[in-house]
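Undergrad: So the protein lines, in turn, are chains A and B. Residue numbering for the first sequence follows our numbering, starting at 39 and increasing by one per position. Residue numbering for the second sequence follows our numbering, starting at 1185 and increasing by one per position. By construction, the Cβ of each residue, glycine as well, lies at the ideal position given by its N, Cα and C atoms. Before anything else, here's the structure in question.
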Amino acid sequence: MRSRCAAATLLVALAVSVSAEDVIERVLADLGGEPILLSEVRLFERLKRLGRGAALEALLDERLMYQEAARLPQAVLTRDEATAACADLAAKAPELASDPALCALARREAVVLKYISFRFAADEGEEGQTLNERIEEWVRDLRAAATIRYNAGP
Amino acid sequence: MILALLLAALPAVTSVRLEAPERDVERLLRYVGIAPGDELRPERVRDAVQRLYATGEFEDVVVSVREDASGAQLVFRFVPAPRLAAVRVEGASVISPKAVRRAARFQSGEPLWPPRLDAAAAQVALALVRKGYLEARVEARAERRPGGTDAVFQLASGPLVRVSRASIEGTSGGLALLLEPLIRPRAGKAFERAVAQAAAERMRARLAQGGRWRAAVEVREAYDPAAGRVALSFVVTPGPWMRVDFRGDAAPAKARRAVETLLREGGASLDAREAGAERLEETLVARGHRNASATHRVEPLPGGERIVYDVDAGPAWRCAALRFAGGSPSALVKTRVGEPVRDALLDDDVRALVGALEADGHFEARAEADVPDTGGDVPVTFRLAPGPRCLVESFSVETPPEASETGAALPRELRTRAGRPYRIRDVALDRHALLLAWRNAGYLSAEVAPEVSLSDDRGTAVVRLRVTPGERTRVDRIIVRGLRDTREEVVRRELLVEEGGPLGVGDVLESQRRLGALPILERATLVEVESEAAGRRSVLVDTREAPFRTFAYGVGYGDREKLRGSLEVTRRNLFGMDRTLTAFARGSLTSSRFLVSYKEPYLLGRRLELYVTGFREEEDREGFDYVKGGGLVQTLFRIRGGRTLITRYAYQKTDTFNVEVPQDEVDRQFQDATISGPSFSVVQDTRDDPLEPRRGSFVGADLQLSLRALGGDPFLKSYLQAASYRRVLPRTLLAASARLGLARTFGFEEKTRLPLPERFFAGGDFSFRGFPTDGVLEEGGNGLLLGSLELRFDATQRFSLALFSDLGNVYPFASDIDLGDIRASAGVGLRYRTAFGPVRLDWAVKLDRKPEEEASRIHFTVGHAF
């Protein structure tokens, strides 16, 4: 009797595990018409070791900075710079290296870095402000001008 | 975790299920792009979600996977976007939902995202404030329901604010009395800010008209919330009386009036005064005063100010003779002997001369205009330095071998060729044409570098265009967005780009143009979207549908019909397939006309237009009544190069009755006749403008058969017409036209003419201008021969003169055509160019007048004769 119960329990557990569905992709937010996807946020979570909410916010900041940076011709990557950016990030997170999103993220980050070094090197900013403070101020301005919509749901 | 699993294992997809309405599944699957048997790669899922999201139909796309031993089952679930279905108003009923929709500028079906709702609420609040509800508060929310989402506006309008008093301040006496009647809104009326501001502007204009050019009127409001009243003050700053004087050399009266208008309308500001000076100088320069100058200053006057323009026209230059040193291409220059010398025109002339030399291979040509400084009647000398004449020794386009097979086809005709003069402009144009060809083949970063090697004596040039194609970009997916009622295939069939094909820049632009020409779309734009697949981009076709129903109506009055009215109802996009149904009705006390037509733009899946039309009309006319009815089925096939093929079957029956006048007094289009049979037409139209052609040609051929077996009068009729337009001198155009008509009846024992309405006629405004309408052979005939030549000379930008001659005749039967029996007329004409064609006055004289005929004929109409 006990063994039958155990077998039944095992079968039910197996059935549940087999039939369980996992959400692998969805739209978590909309940034000016551009979707921010679950897989991108998950990648960010793993790379930056952040929780879901913090990763989403960080990704939104990253996208905002990239959108602004990509408008500047000086921030355009050469082919070599793009390749190097991908290789660097892949080396830091080899377990994610096969995902093309990692390379796309690396390129975006490289563009943002190039923009920052161009813009903030040319402009001294207010006295006493550190580079981080100035970047934070820049992101605050970008956020204020952006249209962000969060999707409710699981 | 799941991501890691996916990356590690990459299971195969065993099924793809879309939880969407049945009718949408097939369409959405196109965007998914994942099929059973594919590896479950995260980037493909990501691409699919991005494409589905880009359609604008969804708020969220949720992809789930269920794995078992056989693989992964993918499920796509959709959260629809909150698309506008209706507008509802809650709270104060001071504005209708329709007005709210208009104020919020809502488009049918647009998504109601929170920022859009906030903006809509603000716009509605503003509209209420404009209506006098100064304390209006509006909130908007979206409420989902089956079939769409309602935009719900919660209104708290507050009181309707009225004007407690409205007064003029800042001035008194006569001025106040002058402005008092313009006060709006009046005390007791609802306060509308826009009305008050319009009244202030009227006051300012009234003062300016009276000489106070610097007048200003400001509206001030004092709002008392407790009473719900606003006190209005129109604060007037009248400014000084002003006048303008012109001193020094005389300025033309028209320019003086223009300057005064500029000052009055511009508030006599510094900008307005500067503009006035420029206007004076321009006018004088156009009259040959090359050094003309006008300065301005302000002088005080008792009670006002005076703006003084000091005009120094300087000497006037007039061209006494034209000379050319180093060549004599006098036809190219626009400077004329006896006319004022203008520097801008001289610059144009120099450019034209250099251009002509360059076109002949003198690629280093220089030219300058030499005008003596003395003023007065002077010779104008153009000094030309042509430099060496260079011919193209060889010309080649070099493409990397690996790209030449898959690359772009060479443009059909490159201008540069061996043996021709070497022209820098041609090389630049060829480079551009090649660049376009490669970019249109998907090589978006293609570059074309010209390389030119000149011989030592600069007499020959070796020209190479070296192509660096770069990477080819292909179309990943085409995403169509914004359609509600229209089927996607209607949009897709207009696209020249296709999934998997090259992403051509020209194809994208042409696709956008074709979509823009669809009457069912109010807007269509094509946007490239990055794709994660290397070398590929998706194309997002963003559309907005136009209203599908249109109504047009009219009311008129005429001597014969008295009161008449018409109504036209058009329903576009029937069944979402861009089909159009139109119903038209016109009626009066003596006549009626009904017409129904249907248009199918893509018959049998091809670009073949089908028109089906049915009509019936009847009228009680003076001396007779008639009923006319019929139908038409027509297909129209457009071919490249401006050619159109038309096939049709037409049935038309005209019955005339109650005839109380001689039969020949019944207009020919109302004579009894029945046509029933097929006809075919070919048209090639390459004119640049059908109303005012300047180049190109028009060729048309018609063949019409009417058969007794189909209930018609039996005849065969053919009609050929051709017209050509070309510029023979810079301001002169030669237009030529020829028409040939041949027809015969059959089934009769003796030769018979066609039914009267179908015969050929000549004479009138658009035909043989030496004769009255249909006057060449009044009873018409089965044969027509007509040719016309016309020289059109542009006298000014609007007016042109014409010299023309018409030749030809109408013959009772085709076999009677005799070139020895040709009639002729010639004449002169004046045309005035308008947006709806030239207004034309022609005077034509018969060159072979017969004794009973009038000598000449005047025609006054709109449109060219051909």
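So leucine 1137 of chain B is in the beta strand (DSSP E); what residue range does that whole segment cover?
TA: Because chain B here runs from 1185 to 2050, residue 1137 of chain B falls outside it and cannot be looked at.
Undergrad: What is the DSSP secondary structure of glycine 91 of chain A, reduced to helix, strand or coil?
TA: Counting from 1 along the first sequence, the entry for residue 91 of chain A is found at position 53. Three-state result, glycine 91 of chain A: helix.
Undergrad: Mark proline 1205 of chain B as exposed unless 16 or more other C-beta atoms lie within 10 angstroms of its C-beta, in which case mark it buried.
TA: Within the second sequence, residue 1205 of chain B is the residue found at index 21, counting from 1. Proline 1205 of chain B should be labelled exposed.
Undergrad: Are tyrosine 1622 of chain B and proline 1653 of chain B touching if we call contact CB-CB under 7 Å?
TA: Counted from its first residue, the second sequence places residue 1622 of chain B at position 438. Counted from its first residue, the second sequence places residue 1653 of chain B at position 469. In the sequence as displayed, the identity of residue 1622 of chain B is tryptophan instead of tyrosine. It is a contact, given that the beta carbons lie within the stated cut-off.
Undergrad: Let me know the secondary structure DSSP gives tyrosine 1833 of chain B once reduced to three states.
TA: Position 649 of the second sequence, counting from 1, holds the residue named residue 1833 of chain B. Strand at tyrosine 1833 of chain B.
Undergrad: Pull the bridge partners of asparagine 1993 of chain B from the DSSP assignment, please.
TA: What you label residue 1993 of chain B is simply residue 809 of the second sequence in a count that begins at 1. For asparagine 1993 of chain B, which the question treats as bridged, DSSP gives the partners B/Leu1969.
Undergrad: When DSSP labels each residue in this structure, what does valine 61 of chain A get in the three-state scheme?
TA: If you number the first sequence from 1, residue 61 of chain A lands on position 23. Valine 61 of chain A falls in the strand class under three-state DSSP.
Undergrad: What's the call for aspartate 1610 of chain B, buried or exposed, on a 16-neighbour Cβ count within 10 Å?
TA: Taking the first residue of the second sequence as 1, we reach residue 1610 of chain B at position 426. By the neighbour-count rule (16 or more Cβ atoms within 10 Å), aspartate 1610 of chain B is buried.
Undergrad: Under 8 Å by Cβ, that's how I've got phenylalanine 1579 of chain B and valine 1647 of chain B pegged, so tell me the actual separation to the nearest angstrom.
TA: Position 395 of the second sequence, counting from 1, holds the residue named residue 1579 of chain B. Position 463 of the second sequence, counting from 1, holds the residue named residue 1647 of chain B. Going by Cβ atoms, the distance from phenylalanine 1579 of chain B to valine 1647 of chain B rounds to 5 Å, so yes, they are a contact pair.
Undergrad: Name the residue from B/Gly1510, B/Gly1931 and B/Gly1472 whose alpha carbon lies nearest to the alpha carbon of aspartate 1527 of chain B.
TA: On the second sequence, position 343 is the one that residue 1527 of chain B refers to. Cα-wise, what sits closest to aspartate 1527 of chain B is B/Gly1472.
Undergrad: Rounded to whole angstroms, what is the Cα-Cα separation between glutamate 78 of chain A and arginine 1230 of chain B?
TA: In the first sequence, counting from the first residue as 1, residue 78 of chain A sits at position 40. In the second sequence, counting from the first residue as 1, residue 1230 of chain B sits at position 46. Their Cα atoms are separated by approximately 9 Å.
Undergrad: Under three-state DSSP, which class holds valine 56 of chain A?
TA: On the first sequence, position 18 is the one that residue 56 of chain A refers to. For valine 56 of chain A, the predicted structure reports a pLDDT of 42, less than 50, and the residue's modelled location is therefore unreliable. A value from the coordinates is still provided. In this structure, valine 56 of chain A counts as helix in the three-state DSSP scheme.
Undergrad: Secondary structure at phenylalanine 158 of chain A, three-state DSSP: helix, strand or coil?
TA: Position 120 of the first sequence holds residue 158 of chain A. Helix, per DSSP.
Undergrad: Residues of the region 103-135 of chain A with a CB closer than 8 Å to any CB of chain B: list them in chain order, please.
TA: Listed by position along the chain: Glu133 and Leu134.
Undergrad: For the region 66-86 of chain A, which residues have a beta carbon sitting closer than 7 Å to at least one beta carbon of chain B?
TA: Those would be Pro73, Leu75, Ser77 and Arg80, in chain order.
Undergrad: For a quick check, are the C-beta atoms of proline 1295 of chain B and glycine 1255 of chain B less than 7 Å apart?
TA: To locate residue 1295 of chain B, count along the second sequence from 1; it is residue 111. To locate residue 1255 of chain B, count along the second sequence from 1; it is residue 71. Against a cut-off of 7 Å, the Cβ pair of glycine 1255 of chain B and proline 1295 of chain B comes out as no contact.
Undergrad: Locate the alpha helix (DSSP H) running through arginine 84 of chain A, then write down its first and last residues.
TA: Reading the first sequence from its first residue, position 46 is the one you call residue 84 of chain A. Looking at the DSSP string, the run of the alpha helix (DSSP H) that includes arginine 84 of chain A is 76-86.
Undergrad: Taking Cβ-Cβ distances below 7 Å as the criterion, which residues of the region 1235-1248 of chain B are in contact with chain A?
TA: Listed in sequence order: Tyr1237, Glu1243, Asp1244, Val1245, Val1246, Val1247 and Ser1248.
Undergrad: Going by the beta-carbon positions, is the gap between glycine 1166 of chain B and aspartate 1494 of chain B smaller than 7 Å?
TA: Since the first residue shown for chain B is 1185 and the last is 2050, residue 1166 of chain B is missing from the structure and cannot be characterised.
Undergrad: Kindly indicate which three-state DSSP category histidine 2048 of chain B falls into: helix, strand or coil?
TA: In the second sequence, residue 2048 of chain B corresponds to position 864, counting from 1. In the structure shown, histidine 2048 of chain B sits in coil (DSSP, three-state: anything other than H, G, I, E or B).
Undergrad: Pick out the complete alpha helix (DSSP H) segments inside the region 1451-1524 of chain B, 4 residues or longer, and give them in chain order.
TA: Here the runs fully enclosed are 1454-1470.
Undergrad: Tell me which same chain residues have a C-beta within less than 6 Å of the C-beta of arginine 1604 of chain B, skipping the five on either side of it?
TA: As a position in the second sequence, residue 1604 of chain B is number 420, starting the count at 1. Closer than 6 Å at Cβ, skipping near neighbours: Val1576.
Undergrad: Which of the residues in the region 1210-1234 of chain B, read from start to end, lie with their CB under 7 Å from any CB of chain A?
TA: Correct list: Pro1226, Glu1227, Val1229, Arg1230, Val1233 and Gln1234.
Undergrad: For the beta strand (DSSP E) that contains valine 1611 of chain B, what are its first and last residues?
TA: Taking the second sequence and counting its residues from 1, the one referred to as residue 1611 of chain B is at position 427. Note, valine 1611 of chain B: premise wrong, no beta strand (DSSP E); alpha helix (DSSP H) at 1608-1624.
Undergrad: Note down, one range per segment and in chain order, each alpha helix (DSSP H) of at least 4 residues found wholly within the region 1835-1865 of chain B.
TA: Whole alpha helix (DSSP H) segments, 4+ residues: zero.
Undergrad: Locate the alpha helix (DSSP H) running through lysine 130 of chain A, then write down its first and last residues.
TA: As a position in the first sequence, residue 130 of chain A is number 92, starting the count at 1. Note, lysine 130 of chain A: alpha helix (DSSP H), 117-130.
Undergrad: Put glutamate 1876 of chain B into one of helix, strand or coil per three-state DSSP.
TA: On the second sequence, position 692 is the one that residue 1876 of chain B refers to. Residue state, collapsed to three classes: coil.
Undergrad: Suppose contacts are defined by Cβ-Cβ distances below 7 Å. Is leucine 1268 of chain B in contact with phenylalanine 1290 of chain B by that definition?
TA: As a first step, residue 1268 of chain B must be located in the second sequence, where it is residue number 84. As a first step, residue 1290 of chain B must be located in the second sequence, where it is residue number 106. Yes. Within cutoff.
Undergrad: For the structure I just gave you, are there three or more beta carbon pairs, one from the region 1784-1793 of chain B and one from the region 1814-1824 of chain B, closer than 8 Å?
TA: The region 1784-1793 of chain B, when compared against the region 1814-1824 of chain B, does touch it at the 8 Å Cβ threshold.
Undergrad: Would you list the one or two residues that DSSP bridges to isoleucine 186 of chain A?
TA: On the first sequence, residue 186 of chain A is found 148 positions in, with the first residue counted as 1. BP columns for isoleucine 186 of chain A point to A/Leu69.
Undergrad: Can you grab the Cα-Cα spacing for the pair valine 1664 of chain B / threonine 1583 of chain B, in whole Å?
TA: Your numbering for residue 1664 of chain B matches position 480 in the second sequence. Your numbering for residue 1583 of chain B matches position 399 in the second sequence. Going from the Cα of valine 1664 of chain B to the Cα of threonine 1583 of chain B covers about 36 Å.
Undergrad: What residues in its chain sit with their C-beta under 6 Å from that of leucine 134 of chain A, if we drop five residues either side in the sequence?
TA: Taking the first sequence and counting its residues from 1, one reaches residue 134 of chain A at position 96. Excluding residues within five positions, the ones whose Cβ falls inside 6 Å are Leu140.
Undergrad: Roughly how many angstroms lie between the CA atoms of leucine 2031 of chain B and alanine 2008 of chain B, to the nearest whole one?
TA: Position 847 of the second sequence, counted from the first residue, corresponds to residue 2031 of chain B. Position 824 of the second sequence, counted from the first residue, corresponds to residue 2008 of chain B. Using only the alpha carbons, I get a separation of about 5 Å.
Undergrad: Taking a cut of 8 Å between CB atoms, which residues from the region 1274-1299 of chain B lie near chain A?
TA: Within the region 1274-1299 of chain B, the residues whose Cβ lies closer than 8 Å to some Cβ of chain A are Trp1297, Pro1298 and Pro1299, listed in chain order.
Undergrad: Go ahead and pull the three-state DSSP assignment for aspartate 1231 of chain B.
TA: One-based indexing of the second sequence puts residue 1231 of chain B at position 47. Of the three classes helix, strand and coil, the one that applies to aspartate 1231 of chain B here is helix, per DSSP.
Undergrad: Any heavy atom of the ligand SAM closer than 6 Å to the CB of aspartate 1531 of chain B?
TA: This structure does not include the ligand SAM; it has no bound ligands of any sort.
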